[in-house]
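Numbering (the numbering used here), first residue to last: 851 to 1064. Structure, as structure tokens:
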Amino acid sequence: MNFDEFTIRISKIKNLTLPGESSHLKMAPQFRLEELRLARKKKRNTKKAGVMALFYPNAEHRTNLLLILRKSHPKDVHSNQVGFPGGKAEKKDNDLLATALRETHEEVGVHPQQIEIVRSLSEIYIPPSNFEVYPFIGLYREARPFVPQASEVAALVEVNLVDFLDDSNIFMENLTTSYAENVSVPAFKLNGYTVWGATGMMLSEIRMLIQQVL
């Protein structure tokens, strides 16, 4: 889709009710459903994070969504996975939006003033890391080349909107994770990467919102 048309249509999601958990559960592994339910009741002293779903025009002025492949870190359960730019809240951040903007600047070089925030999305709790993640949708109208943070970003994953919305790119895959072996999980196949877990669940909500305004 042409990016100018997309920006007009995406603005309409401000008035929509967030699908929240119903969209998240579409991409939640079956073995995690009960775990998520119990964890939400027990969660305490959670760490907070802010992430940015950044839409921007590519060279042909078609709409893209930016994801990143995180570098591998032995102590990070989310390392070597595809996710949104973003990260842990710091004391200097005024709120979780400030966190998402700061982290996006650090990880891919987009200055906060260059991002137009469309709206916040439903937060999601991640039991293995005890993080509560707050996503935001942003527009990067005057897109310039990204500058990946060498210590955190292994690769940029620039996803065409058409591919993101294509039903054939949602599938089930058997994976072995840090806490489960050979389990079947719902996932997106985007640019050759398998995107699942919390990122897949957040993508599901974004996808449902966009489909309502196209």
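From the three backbone atoms N, C-alpha and C, an ideal C-beta is built for every residue, glycine too. Here the structure is a predicted model, which is why all the values come from computation and not from measurement.
Membership of Thr867 in any beta strand (DSSP E) is not indicated, and neither H nor E is assigned to it by DSSP. For the pair Glu956 and Val1003, the CB atoms are not nearer than the 7 Å cut-off. Bounds of any beta strand (DSSP E) do not take in Ser922, whose DSSP letter is neither H nor E.
A direct Cα-to-Cα measurement between Thr949 and Val1033 gives close to 33 Å. Ranked by how close their Cα comes to the Cα of Val932, the residues Ile918, Leu947 and Pro998 have Ile918 in first place. Ala899 is bridged by DSSP to Lys938 and Val983. DSSP places Arg1057 within a helical segment (H, G or I) once states are collapsed to three. Around the beta carbon of Leu989, 16 or more other beta carbons sit within 10 angstroms, so the residue counts as buried. Under the 10 Å beta carbon count, Thr867 is surrounded by fewer than 16 other beta carbons and is classified as exposed. In this structure Leu971 is not in contact with Val1009, their Cβ atoms being roughly 17 Å apart against a cut-off of 8 Å. A Cβ-Cβ contact shorter than 7 Å links Ala899 with Phe981. Here Asn914 has Phe905, Tyr906, Pro907, Asn908, Glu1008, Val1009, Asn1010 and Leu1011 as same chain residues with Cβ atoms under 8 Å from its own Cβ, once five neighbours each way along the sequence are excluded. Excluding the 5 residues flanking it on each side, Thr1049 has same chain C-beta neighbours closer than 6 Å at Gly933, in chain order. Here the C-alpha atom of Ser861 lies approximately 34 Å from the C-alpha atom of Glu1023. Note: Glu1023 is bridge-paired with Val1035 in the DSSP secondary-structure output. With contacts defined by Cβ atoms closer than 7 Å, Phe986 and Leu1015 do not form a contacting pair. Looking at the backbone, the Cα of Arg1057 and that of Glu966 are separated by about 19 Å.
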